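Residue numbers (our numbering): 8 to 297.
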Amino acid sequence: MDSVRRFLFEDLDIRGALVALGNTWHEISARRELPPAVNALLGELAAVTALIAGNLKTPGRISFQLQGHGLVSLLLVDCDEQLRLRGTARHEVPPTPSPALAGGEISCAVPPAPTFNELLGDGQLVLTLHTNIGDPWQSIVPLVGASLSEVFEHYLVQSEQQPAKLFLTASEDFAGGLFLQKLPEADHKDADGWNRLLHLAATLRPAELATPVANLLMHLFPEENIRLFDPRPVRYHCPRDEQKVLAMLKSLGRAEVEAALAEQGEIAVEDDICRQRYRFGHEIVPRLFD
């Protein structure tokens, strides 16, 4: 089952959470045909968004956008208070290297995978949180770090003023992550506790994040007293929303809609996040405006 599972080191005042996404991640990435490096970034963003949404003090809908000036112009993952995820990525296709001659034979060297900086460049992280209390809250910060894990570690430390550690991974079939956070009383309970846990967590291998949570925690932290909370299921949710598209078309005005129909014969709209397509003919004019 795809889930977020929180836990607490009882004797250390250190908390954590694990996320494992199988079917949910498959649904998000299906039919996008992203390059492996971009696909991995989107999977890691899905994992960390679920982790943070599952630990919100005030439940709400949270979205993270990474906007960059590299090969990836946008990464977006949205998660509601029921931990239902959706997301998308926009990217440029890197140029294909020209074949090189080696000893009279044509050789096509495989280019190295792009670095995090090459993918996102001088970008920013945008957090938007919608709750039932007041107006939506938004935070915009620069991307600080050489990986998505480091970017979110920096963001969490700055926003919550507590040390945090993230381990994220994503492949074609799985996306997951481990989150650890030092709480205010940790040093009073065990001055070496935080460093000890970081040392143990550093032995984590990405494939191990797909193992059952209880087994993984016992393997990583065999000497620690851990309270494990019930899992919260995570799933993909991106239904068709024709009314939203109709409202957008209506906002354009009758003249613009009629002009588009006269030029193209129909209006086609594609929802980039949900991969839904909407097509409308001339019958849409009286439906919207009469």
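Ideal Cβ positions, reconstructed from N, Cα and C, are used throughout, including at glycine. Being a predicted model, the structure only gives us computed values, none of them experimental.
By a C-beta neighbour count over all protein chains shown, 10 Å radius and 16 as the cutoff for buried, is residue i buried or exposed?
| i | result |
| --- | --- |
| T56 | buried |
| S258 | exposed |
| N232 | exposed |
| S70 | buried |
| S156 | buried |
| F287 | buried |
| R184 | One point to set straight first is that residue 184 is Gly, not Arg, in the sequence displayed. Buried is the call here. |
| G50 | buried |
| Q271 | exposed |
| A37 | exposed |
| G141 | exposed |
| K189 | buried |
| H98 | buried |
| V151 | exposed |
| E160 | buried |
| F16 | buried |
| A153 | exposed |
| K251 | exposed |
| I147 | exposed |
| F14 | buried |
| F123 | buried |
| D297 | exposed |
| S10 | buried |
| A198 | exposed |
| T210 | exposed |
| D85 | buried |
On the DSSP letters alone, give me the boundaries of the alpha helix (DSSP H) that residue i sits inside.
| i | result |
| --- | --- |
| K251 | 249–259 |
| V45 | 43–60 |
| D279 | Segment: none, D279 is in no alpha helix (DSSP H) and carries neither H nor E. |
| V158 | 155–167 |
| T31 | 30–36 |
| K196 | 193–196 |
| P293 | 291–296 |
| E215 | Element bounds for E215: n/a, residue is neither H nor E. |
| F228 | No alpha helix (DSSP H) holds F228; DSSP gives it neither H nor E. |
| L127 | 123–127 |
Looking at the unbroken beta strand (DSSP E) that takes in residue i, where does it start and where does it end?
| i | result |
| --- | --- |
| P200 | Checking the sequence shown, residue 200 turns out to be Gly, not Pro. Here G200 belongs to no beta strand (DSSP E); instead the alpha helix (DSSP H) covers 200–208. |
| L83 | 79–86 |
| H98 | 91–98 |
| V241 | No beta strand (DSSP E) contains V241, which DSSP labels as neither H nor E. |
| F236 | Note, F236: premise wrong, no beta strand (DSSP E); not H, not E. |
Considering only DSSP beta bridges, list what residue i is partnered with.
| i | result |
| --- | --- |
| K172 | L187 |
| F26 | Sequence inspection shows Val at residue 26; the Phe mentioned does not correspond to that position. DSSP output for V26 lists V11, G184 as bridge partner(s). |
| T135 | S70, Q145 |
| R286 | A275 |
| A177 | A182 |
| F16 | I21, I233 |
Considering only heavy atoms of the ligand ATP, does any lie closer than 7 angstroms to the CB of residue i?
| i | result |
| --- | --- |
| T218 | The ligand ATP is absent from the structure shown, which contains no ligands of any kind. |
Taking contact to mean at least 3 C-beta pairs separated by less than 8 angstroms, is the stretch 258–276 in contact with the stretch 225–245? no
Is it a yes or a no for the stretch 212–225 touching the stretch 80–87, going by three-plus beta-carbon pairs under 8 angstroms? no
Please determine if the stretch 20–35 and the stretch 57–67 are in contact, where contact requires at least 3 C-beta pairs separated by less than 8 angstroms. yes
Evaluate contact between the stretch 166–185 and the stretch 30–44, counting only Cβ atoms and requiring at least three cross-stretch pairs below 8 angstroms. yes
For the stretch 37–46 against the stretch 221–231, do three or more pairs of beta-carbon atoms, one drawn from each stretch, fall closer than 8 angstroms, so that the two count as touching? no
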